[in-house]
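One structure is given below, encoded as structure tokens.
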Amino acid sequence: MPDPADATVFFVGNATMIIRSHGFTVLTDPNFLHQGQRAHLGWGVSTRRRTEPAMEIGQLPPLDLVVLSHMHGDHWDRIARNGLDKDLPIVTTRHAAARLRRQGFGHAIGLEPWEYHHERHGDGTLTVTTTPARHAPGPANALMPPVVGSVLDFAHAGEVDLRLHISGDTIMDECLSEIPRRFPDIDVGIVHLGGTRILGVTVTMDGAQGVEWLRLMQPESALPVHYDDYEAFASPLKDFQQHVRRAGLSHLVHYIMRGETYRLPVRQAGVRPHRPVIGPG
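In this note's numbering, the protein residues as written are 86 to 366.
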């Protein structure tokens, strides 16, 4: 199989990434709308894209799996619906899977939090476990589509040597507290930011909440995404950067721009990485 150490994240834009490791190629939250086009968020609400994605959908490599956090137009758009292979497995919420199957994606896999899906390539395995998330505070959450985060465990010969956690679109909430208890030793935390505002309500983490998330999840390193691509985003990346510096966490966070690649830290055989505790601010 390919060398597990050859593990990377390529950032396409918004929450769209190509994750490669252990012979697997995974696409997250496919969003290929162009600058000026509108993503539909439901209830007659839409938001205009400010940026260009780093690649066209036709330039994607062969994929093994799609991980989709929820059914909003900036995570699953009409270009993804029309351009992706209908036979691709898509791990997502039960709500989104039902909609995807109506669109012809017969291998959509709908999971509740803590359920999981396995893929295997030779001695390599990938386990995707969905995790809790909350897309809005209070009663407003009932107006939003169900959303999940995900933990991606890549293993070779039965031993996990790379664990990623993708937050999904969420605000800080008590439901997240079980994640680090069930999944300690997160190698890379990928945090959806932006402080997205829909009908006056904040529905994704802003910079301050992003730092709270880092303290809760205790990742060895972190990558921020989902922060400037749409007009609905009210908290730019610099907001998160300021809070990270004030919290003394700059050594944990890596900033990749659209079109850039980050090499993922695969553990050496039998070695668990040392992780200093991230204390309160």
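Ideal placement from N, C-alpha and C gives every residue a C-beta, glycine not left out.
The model shown is predicted, which means the values in this text are computed figures rather than measured ones.
Of the residues the options, the one placed nearest residue i, counting alpha carbons only
i, options, result
"Gln120", "His328, Glu316, Ser154", "Glu316"
"Leu228", "Val213, Trp128, Ile264", "Trp128"
"Arg343", "Ala92, Phe96, Asp91", "Phe96"
"His250", "Trp298, Pro224, Asp258, Ile283", "Trp298"
"Arg248", "Thr255, Ile264, Ala100", "Ile264"
"Met140", "Asn116, Arg205, Thr93, Leu185", "Asn116"
"Gly253", "His311, Val151, Arg163, Asn167", "His311"
"His155", "Leu145, Ala181, Val130, Pro146", "Ala181"
"His107", "Arg205, Val338, Leu308, Arg163", "Arg205"
"Gly279", "Gln326, Arg166, Ser262", "Gln326"
"Val232", "Leu196, Arg266, Asp91", "Leu196"
"Ala218", "Thr178, His339, Arg163, Pro138", "Thr178"
"Val42", "Glu259, Pro309, Asp324", "The structure shown does not extend to residue 42, since the chain spans only 86 to 366, so no value can be given for it."
"Arg135", "Val151, Leu118, Gln144, Leu150", "Leu118"
"Thr110", "Leu145, Asp149, Glu259, Ala307", "Asp149"
"Thr101", "Thr132, Glu137, Asp91, Ser131", "Glu137"
"Val286", "Ala183, Asn226, His328, Tyr340", "Asn226"
"Ile341", "Ala307, Ser235, Glu259", "Ala307"
"Met257", "Arg266, His277, Asp324, Glu244", "His277"
Buried or exposed (CB count within 10 angstroms, at least 16 for buried), residue i
i, result
"Ala221", "buried"
"Leu153", "buried"
"Thr216", "buried"
"His203", "exposed"
"Arg105", "buried"
"Thr346", "exposed"
"Gly355", "Below a pLDDT of 50, predicted positions are generally treated as unreliable, and Gly355, at 48, falls in that range; no measurement from the model is reported."
"His359", "Unreliable positioning characterises His359 in this predicted model, as indicated by a pLDDT of 47, which lies under 50. A coordinate reading is not provided."
"Pro304", "buried"
"Arg113", "According to the sequence displayed, residue 113 carries Thr and not Arg. Thr113 comes out buried."
"Gly335", "Here residue 335 turns out to be Ser, not Gly, going by the sequence shown. That one is exposed."
"Arg331", "exposed"
"Gln294", "buried"
"Leu169", "buried"
"Pro147", "exposed"
"Pro224", "exposed"
"Pro269", "exposed"
"Asn99", "buried"
"Gly143", "exposed"
"Leu261", "buried"
"Thr281", "buried"
"Thr255", "buried"
"Leu185", "buried"
"Thr93", "exposed"
"Asp314", "buried"
"Ala183", "exposed"
"Arg187", "exposed"
"Asp91", "exposed"
Host alpha helix (DSSP H) of residue i (start-end)
i, result
"Val296", "292-302"
"His180", "179-187"
"His328", "322-331"
"Arg166", "163-168"
Host beta strand (DSSP E) of residue i (start-end)
i, result
"Arg248", "244-251"
"Asp238", "234-241"
"Pro265", "Looking at the DSSP string, Pro265 is not in any beta strand (DSSP E); the run it does join, the alpha helix (DSSP H), is 263-267."
"Arg219", "From DSSP, Arg219 is part of no beta strand (DSSP E); its letter is neither H nor E."
"Tyr201", "201-206"
"Thr346", "346-348"
"Val351", "Note, Val351: premise wrong, no beta strand (DSSP E); not H, not E."
"His277", "273-277"
"Ile194", "193-195"
"Leu308", "306-310"
"Val151", "150-152"
Quiz item: At a cut of 8 Å, does the segment 115-126 reach the segment 157-171 through at least three beta carbon pairs?
Solution: yes
Quiz prompt | the segment 208-217 contacting the segment 239-248, beta-carbon criterion three pairs below 8 Å | solution = yes
Quiz item: Are the segment 345-353 and the segment 266-275 touching by the rule of at least three beta carbon pairs closer than 8 Å?
Solution: yes
Practice problem: Flag this pair as touching only if the segment 311-326 and the segment 286-293 have three or more C-beta atom pairs under 8 Å; answer yes or no. | Solution: yes
Quiz item: How about the segment 164-176 and the segment 191-201: do they share at least three Cβ pairs that are nearer than 8 Å?
Solution: yes
Quiz prompt | Entirely enclosed beta strand (DSSP E) segments - the segment 95-146, minimum 3 residues | solution = 101-106, 109-113, 123-127, 130-133
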